[in-house]
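Asker: Mapped onto my numbering, the consecutive letters of the sequence shown carry residue numbers 198 to 488.
In this text, a Cβ means the ideal position worked out from N, Cα and C, and glycines have one as well.
All of these numbers come straight from a predicted model, not from anything done at the bench.
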Amino acid sequence: MVKQVRFGWLSLALILLMVIVSGTLNAASTGKPAIVLTAFGTSTEAFDTYHHFELQVKKRFPDHEIRWAFTSHKVRQKVAQEKGQKLNDLPTMLRELKAAGYTRVAVQSLHIVPGEEWEKKIVRESRKIPDLKVALGAPLLTSKEDQERVFQTLTRTFTHDLKNTAVVLVAHGSPIPQGEQSYLAFDRLLRARYPGQNVFLGCVGGQPSRTEVMEAVKKSHATTVILMPFMFVAGEHVAKDILGEDPESWKSELLKQKAYRIEGITKGLGYQEGIVNIYLDHLAQAMKILE
(Lines of atoms letter the chains of each structure in order from A; the text may use other names.)
(Lines give C-alpha, C1' and ligand atoms only; values in the text may rest on other atoms or scores of the structure.)
Protein backbone atom coordinates (compact mmCIF):
# COMPACT_ATOMS: atom_id res chain seq x y z
CA MET A 198 0.00 0.00 0.00
CA VAL A 199 1.35 3.38 -0.93
CA LYS A 200 0.17 6.50 0.85
CA GLN A 201 1.22 9.79 -0.71
CA VAL A 202 0.35 13.22 0.65
CA ARG A 203 0.24 15.66 -2.23
CA PHE A 204 0.56 19.42 -2.00
CA GLY A 205 1.23 22.23 -4.42
CA TRP A 206 -0.33 24.92 -6.56
CA LEU A 207 2.45 25.68 -9.01
CA SER A 208 0.57 28.08 -11.22
CA LEU A 209 -0.51 30.44 -8.45
CA ALA A 210 2.83 30.26 -6.62
CA LEU A 211 4.79 30.86 -9.81
CA ILE A 212 2.67 33.87 -10.73
CA LEU A 213 2.99 35.36 -7.25
CA LEU A 214 6.73 34.83 -7.10
CA MET A 215 7.36 36.07 -10.62
CA VAL A 216 5.41 39.25 -9.90
CA ILE A 217 7.74 39.84 -6.98
CA VAL A 218 10.88 39.02 -8.95
CA SER A 219 9.93 41.18 -11.92
CA GLY A 220 8.74 44.14 -9.85
CA THR A 221 10.34 47.56 -9.89
CA LEU A 222 13.41 47.90 -7.69
CA ASN A 223 12.61 50.98 -5.70
CA ALA A 224 13.81 50.38 -2.14
CA ALA A 225 17.49 51.28 -2.64
CA SER A 226 16.75 54.80 -1.47
CA THR A 227 15.93 53.48 2.02
CA GLY A 228 19.56 52.53 2.53
CA LYS A 229 18.61 49.05 3.73
CA PRO A 230 20.40 46.03 2.25
CA ALA A 231 18.54 43.98 -0.31
CA ILE A 232 17.96 40.28 0.32
CA VAL A 233 18.50 37.61 -2.34
CA LEU A 234 17.13 34.15 -1.59
CA THR A 235 19.09 31.61 -3.57
CA ALA A 236 17.88 28.07 -4.24
CA PHE A 237 18.59 25.24 -6.64
CA GLY A 238 15.14 25.69 -8.16
CA THR A 239 12.34 23.44 -9.33
CA SER A 240 9.96 23.31 -12.28
CA THR A 241 7.34 21.33 -10.34
CA GLU A 242 4.43 22.20 -8.07
CA ALA A 243 6.92 22.34 -5.19
CA PHE A 244 7.70 25.89 -6.38
CA ASP A 245 5.06 27.02 -3.88
CA THR A 246 7.57 26.24 -1.10
CA TYR A 247 9.59 29.28 -2.17
CA HIS A 248 6.61 31.57 -1.88
CA HIS A 249 5.86 30.20 1.58
CA PHE A 250 9.46 30.84 2.66
CA GLU A 251 9.43 34.38 1.30
CA LEU A 252 6.41 35.19 3.43
CA GLN A 253 8.38 34.14 6.52
CA VAL A 254 11.33 36.29 5.43
CA LYS A 255 9.04 39.30 5.06
CA LYS A 256 7.75 38.81 8.60
CA ARG A 257 11.29 38.69 10.02
CA PHE A 258 12.80 41.37 7.77
CA PRO A 259 10.07 43.86 6.81
CA ASP A 260 10.82 46.76 4.47
CA HIS A 261 13.71 44.98 2.76
CA GLU A 262 13.75 44.35 -0.97
CA ILE A 263 13.54 40.57 -1.50
CA ARG A 264 14.69 38.94 -4.72
CA TRP A 265 15.29 35.40 -5.93
CA ALA A 266 18.11 33.67 -7.77
CA PHE A 267 18.29 30.03 -8.86
CA THR A 268 21.53 28.12 -9.26
CA SER A 269 20.39 25.34 -11.61
CA HIS A 270 20.77 26.25 -15.28
CA LYS A 271 18.66 23.21 -16.20
CA VAL A 272 15.77 24.37 -14.01
CA ARG A 273 15.95 27.96 -15.25
CA GLN A 274 15.89 26.74 -18.83
CA LYS A 275 13.01 24.35 -18.22
CA VAL A 276 10.85 26.98 -16.49
CA ALA A 277 11.54 29.41 -19.35
CA GLN A 278 10.52 26.82 -21.95
CA GLU A 279 7.50 25.36 -20.16
CA LYS A 280 6.16 28.36 -18.22
CA GLY A 281 7.50 31.28 -20.25
CA GLN A 282 9.01 32.74 -17.09
CA LYS A 283 12.56 33.97 -16.61
CA LEU A 284 14.40 32.91 -13.47
CA ASN A 285 17.64 34.76 -12.76
CA ASP A 286 20.94 33.31 -11.64
CA LEU A 287 22.82 35.01 -8.81
CA PRO A 288 25.25 37.13 -10.89
CA THR A 289 22.37 38.54 -12.94
CA MET A 290 20.36 39.43 -9.84
CA LEU A 291 23.36 41.05 -8.13
CA ARG A 292 24.05 43.17 -11.22
CA GLU A 293 20.40 44.26 -11.31
CA LEU A 294 20.50 45.27 -7.66
CA LYS A 295 23.70 47.22 -8.14
CA ALA A 296 22.21 49.01 -11.16
CA ALA A 297 19.21 49.91 -9.00
CA GLY A 298 21.47 51.65 -6.51
CA TYR A 299 22.05 49.00 -3.87
CA THR A 300 25.49 48.83 -2.28
CA ARG A 301 24.79 46.03 0.20
CA VAL A 302 23.13 42.66 -0.38
CA ALA A 303 22.52 39.68 1.90
CA VAL A 304 22.39 36.41 -0.02
CA GLN A 305 20.72 33.52 1.78
CA SER A 306 21.32 30.04 0.44
CA LEU A 307 18.44 27.59 0.72
CA HIS A 308 20.70 24.64 -0.01
CA ILE A 309 20.96 21.88 2.59
CA VAL A 310 24.74 21.52 2.79
CA PRO A 311 27.72 23.67 1.78
CA GLY A 312 28.33 21.58 -1.32
CA GLU A 313 29.09 22.18 -4.98
CA GLU A 314 26.21 24.58 -5.68
CA TRP A 315 27.15 26.64 -2.64
CA GLU A 316 30.84 26.85 -3.49
CA LYS A 317 30.59 27.38 -7.25
CA LYS A 318 27.29 29.18 -7.74
CA ILE A 319 27.08 31.30 -4.59
CA VAL A 320 30.43 31.84 -2.86
CA ARG A 321 32.46 32.35 -6.03
CA GLU A 322 29.83 34.27 -7.98
CA SER A 323 29.09 36.64 -5.10
CA ARG A 324 32.68 37.93 -5.24
CA LYS A 325 32.53 38.99 -8.88
CA ILE A 326 30.47 42.18 -8.62
CA PRO A 327 32.73 45.19 -7.89
CA ASP A 328 31.63 47.89 -5.43
CA LEU A 329 28.87 45.71 -4.03
CA LYS A 330 29.18 44.42 -0.47
CA VAL A 331 27.71 40.93 -0.31
CA ALA A 332 27.25 38.90 2.88
CA LEU A 333 26.30 35.24 2.68
CA GLY A 334 23.83 33.32 4.82
CA ALA A 335 25.02 29.73 5.22
CA PRO A 336 23.19 26.58 4.07
CA LEU A 337 21.12 24.53 6.53
CA LEU A 338 23.75 22.08 7.81
CA THR A 339 26.83 24.22 8.31
CA SER A 340 27.65 24.06 12.03
CA LYS A 341 27.24 21.58 14.89
CA GLU A 342 24.53 23.84 16.26
CA ASP A 343 22.71 23.60 12.92
CA GLN A 344 22.93 19.81 13.03
CA GLU A 345 21.40 19.74 16.51
CA ARG A 346 18.61 22.16 15.64
CA VAL A 347 17.69 20.22 12.49
CA PHE A 348 17.71 16.99 14.50
CA GLN A 349 15.41 18.43 17.16
CA THR A 350 13.01 19.75 14.51
CA LEU A 351 12.78 16.56 12.49
CA THR A 352 12.56 14.10 15.35
CA ARG A 353 9.41 15.80 16.59
CA THR A 354 7.77 14.51 13.41
CA PHE A 355 9.00 10.92 13.77
CA THR A 356 6.64 8.14 14.73
CA HIS A 357 6.94 6.67 18.22
CA ASP A 358 6.72 3.17 16.77
CA LEU A 359 10.25 2.80 15.42
CA LYS A 360 10.15 -0.97 15.86
CA ASN A 361 7.57 -1.61 13.18
CA THR A 362 8.18 1.59 11.20
CA ALA A 363 11.35 2.81 9.51
CA VAL A 364 11.89 6.50 8.82
CA VAL A 365 14.14 7.11 5.82
CA LEU A 366 15.36 10.65 5.16
CA VAL A 367 16.33 10.99 1.50
CA ALA A 368 18.76 13.75 0.51
CA HIS A 369 20.14 14.94 -2.82
CA GLY A 370 23.71 14.12 -1.85
CA SER A 371 26.86 16.06 -2.71
CA PRO A 372 29.64 15.38 -5.24
CA ILE A 373 32.28 17.21 -3.20
CA PRO A 374 33.80 16.18 0.17
CA GLN A 375 32.69 19.28 2.08
CA GLY A 376 29.03 18.71 1.31
CA GLU A 377 29.23 14.97 1.77
CA GLN A 378 30.84 15.38 5.19
CA SER A 379 27.86 17.44 6.32
CA TYR A 380 25.49 14.63 5.40
CA LEU A 381 27.72 12.04 7.09
CA ALA A 382 27.90 14.16 10.23
CA PHE A 383 24.11 14.32 10.41
CA ASP A 384 23.93 10.58 9.82
CA ARG A 385 26.29 10.03 12.77
CA LEU A 386 24.04 12.21 14.91
CA LEU A 387 21.02 10.10 13.97
CA ARG A 388 22.94 6.90 14.76
CA ALA A 389 24.08 8.25 18.13
CA ARG A 390 20.61 9.40 19.21
CA TYR A 391 18.72 6.43 17.75
CA PRO A 392 21.13 3.52 18.32
CA GLY A 393 19.88 0.35 16.68
CA GLN A 394 16.58 1.97 15.75
CA ASN A 395 14.93 2.34 12.36
CA VAL A 396 15.93 5.89 11.47
CA PHE A 397 18.11 6.26 8.38
CA LEU A 398 19.60 8.91 6.11
CA GLY A 399 20.44 8.15 2.49
CA CYS A 400 21.35 10.17 -0.59
CA VAL A 401 20.16 9.97 -4.17
CA GLY A 402 23.83 10.39 -5.08
CA GLY A 403 26.81 10.09 -2.74
CA GLN A 404 27.11 9.11 0.92
CA PRO A 405 25.37 7.80 2.94
CA SER A 406 24.44 5.65 -0.02
CA ARG A 407 21.10 4.31 -1.13
CA THR A 408 22.53 0.77 -1.07
CA GLU A 409 23.47 1.08 2.62
CA VAL A 410 20.01 2.32 3.54
CA MET A 411 18.20 -0.36 1.57
CA GLU A 412 20.24 -3.06 3.28
CA ALA A 413 19.61 -1.57 6.71
CA VAL A 414 15.86 -1.36 6.14
CA LYS A 415 15.83 -4.92 4.82
CA LYS A 416 17.52 -6.17 8.00
CA SER A 417 15.07 -4.33 10.24
CA HIS A 418 11.74 -5.67 11.44
CA ALA A 419 9.85 -2.74 9.98
CA THR A 420 6.64 -3.39 8.10
CA THR A 421 6.07 0.27 7.22
CA VAL A 422 8.60 2.62 5.64
CA ILE A 423 8.17 6.40 5.69
CA LEU A 424 10.14 8.09 2.90
CA MET A 425 10.79 11.69 3.91
CA PRO A 426 12.59 14.15 1.59
CA PHE A 427 15.60 15.74 3.28
CA MET A 428 15.37 18.55 0.73
CA PHE A 429 14.13 22.14 0.84
CA VAL A 430 11.51 21.44 -1.83
CA ALA A 431 9.89 18.14 -2.69
CA GLY A 432 10.45 18.52 -6.42
CA GLU A 433 11.31 16.19 -9.26
CA HIS A 434 13.63 14.01 -7.18
CA VAL A 435 10.77 13.22 -4.83
CA ALA A 436 8.12 12.75 -7.51
CA LYS A 437 10.29 10.50 -9.69
CA ASP A 438 13.45 9.20 -8.01
CA ILE A 439 11.98 8.62 -4.56
CA LEU A 440 8.22 8.06 -4.79
CA GLY A 441 7.83 7.46 -8.52
CA GLU A 442 6.58 4.30 -10.22
CA ASP A 443 9.85 3.81 -12.11
CA PRO A 444 11.44 0.44 -11.27
CA GLU A 445 14.57 2.27 -10.07
CA SER A 446 12.83 4.59 -7.61
CA TRP A 447 13.42 4.21 -3.87
CA LYS A 448 9.80 3.17 -3.37
CA SER A 449 9.98 0.53 -6.09
CA GLU A 450 13.26 -0.83 -4.76
CA LEU A 451 11.79 -1.27 -1.30
CA LEU A 452 8.70 -2.99 -2.65
CA LYS A 453 10.92 -5.44 -4.54
CA GLN A 454 12.50 -6.47 -1.25
CA LYS A 455 9.32 -6.88 0.79
CA ALA A 456 5.64 -6.00 0.79
CA TYR A 457 6.22 -2.89 2.88
CA ARG A 458 3.55 -0.31 3.50
CA ILE A 459 5.16 2.79 2.01
CA GLU A 460 4.21 6.26 3.18
CA GLY A 461 5.56 9.10 1.09
CA ILE A 462 5.91 12.63 2.42
CA THR A 463 5.61 15.11 -0.43
CA LYS A 464 6.36 18.36 1.36
CA GLY A 465 9.95 19.54 1.65
CA LEU A 466 11.83 20.96 4.62
CA GLY A 467 10.89 24.48 3.54
CA TYR A 468 7.48 24.02 5.19
CA GLN A 469 8.84 23.08 8.62
CA GLU A 470 8.89 26.04 11.00
CA GLY A 471 12.00 24.89 12.85
CA ILE A 472 13.93 24.52 9.60
CA VAL A 473 12.75 27.89 8.31
CA ASN A 474 13.93 29.52 11.53
CA ILE A 475 17.45 28.13 11.07
CA TYR A 476 17.65 29.71 7.62
CA LEU A 477 16.27 32.98 8.98
CA ASP A 478 18.89 33.00 11.72
CA HIS A 479 21.61 32.46 9.11
CA LEU A 480 20.18 35.38 7.16
CA ALA A 481 20.19 37.51 10.32
CA GLN A 482 23.90 36.74 10.73
CA ALA A 483 24.55 37.87 7.17
CA MET A 484 22.55 41.06 7.72
CA LYS A 485 24.62 41.81 10.82
CA ILE A 486 27.81 41.70 8.72
CA LEU A 487 26.34 44.43 6.52
CA GLU A 488 25.67 46.82 9.41
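If you drop the 5 nearest sequence neighbours on each side, which residues of the same chain put their C-beta closer than 8 Å to that of Gly147?
Answerer: With the chain running from 198 to 488 in the structure shown, residue 147 is simply not present.
Asker: So does the stretch 410-421 actually touch the stretch 373-383, counting three or more Cβ pairs closer than 8 Å?
Answerer: no
Asker: Which stretch, first to last residue, makes up the beta strand (DSSP E) that contains Ser306?
Answerer: One-based indexing of the sequence shown puts residue 306 at position 109. For Ser306, the enclosing beta strand (DSSP E) has its first and last residue at Arg301 to Ser306.
Asker: Our contact map puts Gln375 next to Ala483 with C-beta atoms below 8 Å; I'd like the distance itself, whole angstroms only.
Answerer: On the sequence shown, residue 375 is found 178 positions in, with the first residue counted as 1. On the sequence shown, residue 483 is found 286 positions in, with the first residue counted as 1. Not quite, the Cβ-Cβ distance comes to about 19 Å (not below 8 Å), so this is no contact.
Asker: In the structure shown, what three-state DSSP assignment does Val310 receive?
Answerer: Locating residue 310 in the sequence shown gives position 113, where the first residue counts as 1. Residue state, collapsed to three classes: coil.
Asker: DSSP three-state call for Val272: helix, strand or coil?
Answerer: Here residue 272 corresponds to residue number 75 of the sequence shown, with the count starting at 1. Here Val272 sits in helix by DSSP.
Asker: Can you list, in chain order, the stretches of the alpha helix (DSSP H) that have 4 or more residues and sit fully within the stretch 362-450?
Answerer: 374-390 and 407-416
Asker: Quick one: Cα of Ser446 to Cα of Gly465, how far?
Answerer: For the purposes of this step, residue 446 is identified with residue 249 of the sequence shown, where counting begins at 1. For the purposes of this step, residue 465 is identified with residue 268 of the sequence shown, where counting begins at 1. Cα to Cα, Ser446 sits roughly 18 Å from Gly465.
Asker: Apply the 10 Å Cβ neighbour rule to His418 and answer buried if 16 or more other Cβ atoms are within range, or exposed otherwise.
Answerer: Within the sequence shown, numbered from 1, the residue matching residue 418 stands at position 221. It counts as exposed.
Asker: So, Ala236 versus Arg264, is the Cβ gap smaller than 8 Å?
Answerer: Along the sequence shown, read from residue 1 onward, the residue named residue 236 stands at position 39. Along the sequence shown, read from residue 1 onward, the residue named residue 264 stands at position 67. No, the Cβ-Cβ distance between Ala236 and Arg264 is not below 8 Å.
Asker: In terms of residue numbering, what span does the alpha helix (DSSP H) encompassing Ile472 cover?
Answerer: As a position in the sequence shown, residue 472 is number 275, starting the count at 1. Looking at the DSSP string, the run of the alpha helix (DSSP H) that includes Ile472 is Glu470 to Ile486.
Asker: Give a yes or no on contact between the stretch 315-335 and the stretch 383-390, applying the rule of three or more CB pairs nearer than 8 Å.
Answerer: no
Asker: To which residues of the same chain is Val276 closer than 6 Å at the C-beta, ignoring the five residues directly before and after it?
Answerer: Here residue 276 corresponds to residue number 79 of the sequence shown, with the count starting at 1. Within the same chain, Cβ atoms closer than 6 Å to the Cβ of Val276 are found at Ser240, Gln282 and Leu284, the five residues on either side in sequence being excluded.
Asker: Rounding to the nearest angstrom, what Cα-Cα distance links Leu452 and Leu477 in this structure?
Answerer: Taking the sequence shown and counting its residues from 1, the one referred to as residue 452 is at position 255. Taking the sequence shown and counting its residues from 1, the one referred to as residue 477 is at position 280. Roughly 39 Å between the two C-alpha positions.
Asker: Ile462 by DSSP, collapsed to three states: which one?
Answerer: In the sequence shown, residue 462 corresponds to position 265, counting from 1. Under the three-state reduction of DSSP, Ile462 is assigned to strand.
Asker: Need the endpoints of the alpha helix (DSSP H) that Arg346 sits in, please.
Answerer: Reading the sequence shown from its first residue, position 149 is the one you call residue 346. That run of the alpha helix (DSSP H) goes Lys341 to Thr352.
Asker: With DSSP as the reference, label Ala296 as helix, strand or coil.
Answerer: Counting from 1 along the sequence shown, the entry for residue 296 is found at position 99. Correct three-state label for Ala296: helix.
Asker: Would Leu480 and Arg301 qualify as a contact pair, given that the criterion is a beta-carbon distance under 8 Å?
Answerer: Residue 480 sits at position 283 when you count from the first residue of the sequence shown. Residue 301 sits at position 104 when you count from the first residue of the sequence shown. Their beta carbons are not under 8 Å apart, which means Leu480 does not touch Arg301 by this criterion.
Asker: How many Å lie between Ala363 and Ser406 at the Cα?
Answerer: For the purposes of this step, residue 363 is taken as the residue at position 166 of the sequence shown. For the purposes of this step, residue 406 is taken as the residue at position 209 of the sequence shown. Each residue's Cα considered, the two are about 16 Å apart.
Asker: In terms of alpha-carbon separation, which member of Thr421, Ile423 and Ala303 lies closest to Met290?
Answerer: For the purposes of this step, residue 290 is identified with residue 93 of the sequence shown, where counting begins at 1. Checking every option, the nearest Cα to that of Met290 belongs to Ala303.
Asker: Shortest alpha-carbon distance to Ser371 belongs to which of Glu313, Thr356 and Val396?
Answerer: Taking the first residue of the sequence shown as position 1, residue 371 is located at position 174. Nearest C-alpha to Ser371 among Glu313, Thr356 and Val396: Glu313.
Asker: Report buried or exposed for Asp443, applying the criterion of at least 16 other Cβ atoms within 10 angstroms of its Cβ.
Answerer: On the sequence shown, position 246 is the one that residue 443 refers to. With fewer than 16 other Cβ atoms within 10 Å, it is exposed.
Asker: Suppose contacts are defined by Cβ-Cβ distances below 8 Å. Is Ser323 in contact with Leu338 by that definition?
Answerer: Walking along the sequence shown from the start, residue 323 turns up at place 126. Walking along the sequence shown from the start, residue 338 turns up at place 141. Contact flag unset, no.
Asker: Starting from Ala231, follow its DSSP beta bridges and name the residues at the other end.
Answerer: Counting from 1 along the sequence shown, the entry for residue 231 is found at position 34. According to DSSP, Ala231 bridges with Val302.
Asker: Name the residue from Val347, Lys455, Asp358 and Ala297 whose alpha carbon lies nearest to the alpha carbon of Leu386.
Answerer: Numbered from 1 along the sequence shown, position 189 holds the residue referred to as residue 386. Nearest C-alpha to Leu386: Val347.
Asker: What does DSSP give as the partner residue(s) for Ala332 in the beta ladder?
Answerer: Here the question's residue 332 lines up with position 135 in the sequence shown. Paired residue(s): Ala303.
Asker: For the candidate residues Asp384, Asn395, Leu234 and Gly471, whose alpha-carbon lies nearest to that of Ile423?
Answerer: Here residue 423 refers to the residue found at position 226 of the sequence shown. When only C-alpha atoms are compared, the closest one is Asn395.
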